[in-house]
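To keep things clear, I will list the structure first and then write my remarks on it.
Protein chains: 2
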Amino acid sequence: MTTMTHTAEIHRTVRVDLDARSYDILIGPGLVGTAGTEIAARLPGIRVAVVTDETVAGFHLRRLLDSLEAAGIDAVSIVLPPGEPTKSYRHLETVVEAVIAARLERGDAVLALGGGVVGDLAGFVAGIVRRGMRFIQMPTSLLAQVDSSVGGKTGINSPQGKNLVGVFHQPSLVMADTDVLDTLSRREFAAGYAEVVKYGLIDRPGLFDWLETNRAGIFAGGPERAEAIAESCRAKAEVVAADEREDGRRALLNLGHTFGHALEAACKYDSARLVHGEGVAIGMALAHRFSVRLGLCSGQDAVRAERHLEAAGLPTRISDIPGGTFSVDELMRAIGQDKKVSRGSLTFILTRGIGKAFIAREVEPEAVEAFLADELAG
Amino acid sequence: MTTMTHTAEIHRTVRVDLDARSYDILIGPGLVGTAGTEIAARLPGIRVAVVTDETVAGFHLRRLLDSLEAAGIDAVSIVLPPGEPTKSYRHLETVVEAVIAARLERGDAVLALGGGVVGDLAGFVAGIVRRGMRFIQMPTSLLAQVDSSVGGKTGINSPQGKNLVGVFHQPSLVMADTDVLDTLSRREFAAGYAEVVKYGLIDRPGLFDWLETNRAGIFAGGPERAEAIAESCRAKAEVVAADEREDGRRALLNLGHTFGHALEAACKYDSARLVHGEGVAIGMALAHRFSVRLGLCSGQDAVRAERHLEAAGLPTRISDIPGGTFSVDELMRAIGQDKKVSRGSLTFILTRGIGKAFIAREVEPEAVEAFLADELAG
């Protein structure tokens, strides 16, 4: 009991409100070591299959397994190769079969210990074994903590496009240990930070102001870090609660993502050239500049967004991507295959200024094409 | 408009009530030929990927594609090998990739034209491409019309057990053409009929009485056939509406299924020895006899259930399965792997008489073992 009171004091809790599928996100230091207690208190009698990758396992798996064991939770672990290619049919099958072989039942849980790749794959596994098991997220990258672990999107990549195969499957519990972020490279941290900035740019101008002042503390691991993560989770949870299956408002979360995904695809998902958060950073800068060009947004606001991303060490122009340039055609093709297209017309998230993003349906492909041509030329 | 009034006259409609996911089941003759009109009226502008198998394609695909074309519906078709092995990871991947390659969007539909195998696989594909597309069922076996096409269960088989991988994904529309059942063998028809009998045995004693009188007409293709299908769909829809995700009452639909699945597994899913409906028929007879043994049900009711199944040409004893016998151990092992087990104890659907089935949790494995030993000996 002392332990629980103690952990309750040091972590923040954000509630995602989805009726019967509501769940808590715990945010704070040391959660890998107290995970067993947190799980046992909420889901008594549960058994767990921990899914992780070799890199994360080296840092945190032993400690997590000890914590589960200490709380009397029976666990098996499944360790995958790190990296985006793990989000494949082959690894999906491997993990599904391992979970079935462990004889876990519907009430038991798949626990994802890792970044977005592990979380997306493990969540998909939890969504389809016995037509849906419980799912617990322990995101270990900033990107996963502020974005992919919240909202229930899971999946793998198709050879024809990223994240084209998956399900919506909400976790029962998310635990974001802020200490584990110390093992990230600065580049990885910055990539996650792009999604934090995104919540400010969408509809939280106050958050954006606060980030302009507190960026250094967030990167250095001060108390601002947990606050930034909690505020990001709150922002995402609010949108997800309003639109769980992405029929409407949830599309706002794609600010920067249509351009970002196209750039990632054009780079063939080569993380040496571009990682997801960097694609989103460039995509958000492009969305602002495109909005300026369409007369929707002031040039001043676009520059302010761009400056902040640059200060965080993020790219903001297509030419910032190393390893060669792209043709307008290949980017347009990649945009056409984006899974959020609707009936052939293009849907973009555009903006009227900092914190004033909106869903623009039926954007003319010709306007996008002309804009990209100028960006690539300039 | 004349056409629509006409079709509305000749088919029956059963509504499955699931709030935002509610849908209609149309039941009647000639629906393959009027499918295009029915779909266009309900889902204007939709594009369709028809998934079917070689056998069914030979009988009905051309007519369905003509009907879609006449209604202005853009369609591609994906033809799979027939049989249970098609419910595999490999074919799942093939169909998912074909649907993505056809550039269908979330609002478009996968249409399953076939029996349970095609419906389960195609429904799973619809559930996971772009995290969920529309799904339309045109079941072509009696089993699929009265059971698997209603209720949203989809999936494939794992090497470790049947239907262990899948999702709940409700169709937008089900069309059961009663004419197509004329292409079934008597054995296939009887296997589907086992599930019709099941609804009577669960909680519709009036239906069971009616079946005792009208079995011949149902098999011969009289008007009783559509009535039996509609009543079965109503029975299933009622249970599904009350318990969409099988947390409680829906388990009643597993009457005969725990034993049935174990027998199918013990036969290694060799359809020459046993098909699903036959396993269910034996399983229901076993559930009744087991209930008699436990003092729950009168011997008279068990005999009445058994007689009706036998009259329909269905097996009712383990020894009715050709090709050798089984050990108690292998059947118990197969029961332990059943995906409806809960926390190690066994859940069975037992009965207090015709139409009085109930969920018995925590059945002692020893009692099942002793019962099976006697059944195998006798």
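Taken in sequence, the protein lines are chains P and U.
Here numbering that gives the first Met the number 0 is used: the first residue of the first sequence is 0, the next is one more, and so on.
Here numbering that gives the first Met the number 0 is used: the first residue of the second sequence is 0, the next is one more, and so on.
Glycine included, each C-beta is placed from N, C-alpha and C at the ideal position.
A quick note: this is a predicted structure, and the numbers were derived from the prediction, not measured.
**Prompt:** What residue range is occupied by the uninterrupted alpha helix (DSSP H) comprising residue 237 (chain U)?
**Reply:** 222-241
**Message:** For residue 75 (chain U), tell me which candidate among U:48, U:219, U:363 has the shortest Cα-Cα distance.
**Reply:** Of U:48, U:219, U:363, the smallest CA-CA separation from residue 75 (chain U) is found for U:48.
**Prompt:** What does residue 167 (chain U) reach in chain P if we use C-beta pairs closer than 8 Å?
**Reply:** What residue 167 (chain U) touches in chain P: 130, 131.
**Message:** Run through the DSSP bridge pairs and tell me what residue 51 (chain U) is partnered with.
**Reply:** U:78, U:112
**Request:** With DSSP as the reference, label residue 38 (chain P) as helix, strand or coil.
**Result:** The answer is helix: DSSP assigns residue 38 (chain P) an H, G or I state.
**Message:** Cβ closer than 7 Å: which chain P residues qualify as neighbours of residue 426 (chain U)?
**Reply:** A question about residue 426 (chain U) goes unanswered here, because the residues of chain U that appear run from 0 up to 377.
**Item:** Limits of the beta strand (DSSP E) - the one that residue 358 (chain U) falls within
**Value:** 356-362
**Message:** Counting only beta-carbon separations shorter than 9 Å, does residue 338 (chain P) have a partner in chain U?
**Reply:** Low per-residue confidence applies at residue 338 (chain P): pLDDT is 49, beneath 50, and the placement is therefore not dependable, though the value from the model is reported in the following sentence. For residue 338 (chain P), the answer is yes, since a Cβ of chain U falls inside 9 Å of its Cβ.
**Residues that residue 109 (chain P) contacts on chain U, provided the C-beta gap is smaller than 9 Å** = Ordered by position in chain U, no residue passes the 9 Å Cβ test against residue 109 (chain P), which lies about 13 Å from the chain.
**Message:** If you reduce the DSSP assignment to three classes, tell me which class residue 166 (chain U) lands in.
**Reply:** coil
**Asked** residue 364 (chain P) and residue 349 (chain P): beta carbons closer than 9 Å?
**Response** It is not a contact, given that the beta carbons lie outside the stated cut-off.
**Asked** Using CA coordinates, which residue listed in P:52, P:71, P:198 is at the minimum distance from residue 77 (chain P)?
**Response** P:52
**Request:** Pull up the distance between the alpha-carbon of residue 204 (chain P) and that of residue 226 (chain P), whole angstroms please.
**Result:** 16 Å
**Item:** Where residue 235 (chain P) meets chain U, residues with beta-carbon distance less than 9 Å
**Value:** Here the premise fails: no neighbours, minimum Cβ distance about 17 Å.
**Request:** Using three-state DSSP, classify residue 139 (chain U) as helix, strand or coil.
**Result:** coil
**9 Å Cβ cutoff met for residue 142 (chain U) and residue 190 (chain U)** = yes
**Message:** residue 281 (chain U) and residue 324 (chain U) - do their beta-carbons sit closer together than 9 Å?
**Reply:** no
**Asked** Can you list the alpha helix (DSSP H) stretches of 4 or more residues lying completely in the stretch 180-221 of chain U, in chain order?
**Response** Segments of the alpha helix (DSSP H) lying fully in the stretch 180-221 of chain U: 185-202, 204-219.
**Prompt:** Alpha carbon to alpha carbon, what distance is there between residue 88 (chain U) and residue 322 (chain P)?
**Reply:** 37 Å
**Request:** Helix, strand or coil for residue 45 (chain U), going by three-state DSSP, please let me know.
**Result:** coil
**Request:** Just grab the DSSP bridge partners of residue 23 (chain U) for me.
**Result:** U:14, U:172
**Asked** Using the beta-carbon of each residue, which ones in chain P are nearer than 7 Å to residue 115 (chain U)?
**Response** Within chain P, no residue comes near residue 115 (chain U); the closest Cβ sits about 15 Å away, beyond 7 Å.
**Request:** Determine the direct distance from the alpha carbon of residue 176 (chain U) to that of residue 6 (chain U), and round the result to whole angstroms.
**Result:** Caution applies to residue 6 (chain U), whose pLDDT of 43 falls short of 50 and renders its modelled position unreliable; the model cannot decide the point.
**Request:** Sort out for me which residues DSSP pairs residue 348 (chain U) with in a bridge.
**Result:** U:358
**Prompt:** Using the C-alpha atoms, what's the distance from residue 310 (chain P) back to residue 212 (chain P)?
**Reply:** 12 Å
**Asked** For the ligand NAP, is there a heavy atom less than 8 Å away from the beta-carbon of residue 326 (chain U)?
**Response** Ligands in the displayed structure: none, and consequently the ligand NAP is not present.
**Prompt:** How close, in whole Å, do the beta carbons of residue 101 (chain P) and residue 134 (chain P) come, if the pair is a contact with beta carbons under 8 Å?
**Reply:** Actually they do not touch by this definition, with Cβ atoms about 15 Å apart.
**Message:** Quick check on DSSP: helix, strand or coil for residue 320 (chain P)?
**Reply:** In the three-state reduction of the DSSP assignment, residue 320 (chain P) falls in the coil class, being assigned neither a helical nor a strand state.
**Item:** Residues of its chain near residue 235 (chain P), where Cβ-Cβ distance is below 8 Å and the 5 sequence neighbours each way are ignored
**Value:** 145, 146, 149, 150, 198, 252
**Prompt:** Closest to residue 308 (chain P) by CA distance: which of P:106, P:284, P:114 is it?
**Reply:** Checking every option, the nearest Cα to that of residue 308 (chain P) belongs to P:284.
**Asked** What did DSSP end up calling residue 155 (chain U) once you bin it into helix, strand or coil?
**Response** Correct three-state label for residue 155 (chain U): strand.
**Any chain U beta carbon closer than 9 Å to residue 344 (chain P)** = no
**Item:** Beta carbon proximity, residue 153 (chain P) to chain U, threshold 9 Å
**Value:** Interface flag for residue 153 (chain P) against chain U is set, since a Cβ pair is found closer than 9 Å.
**Asked** Where DSSP assigns a beta bridge to residue 160 (chain U), which residues make up the other side?
**Response** BP columns for residue 160 (chain U) point to U:157.
**Asked** If you run the structure through DSSP and keep just helix, strand and coil, what is residue 325 (chain U)?
**Response** It is coil, neither helix nor strand.
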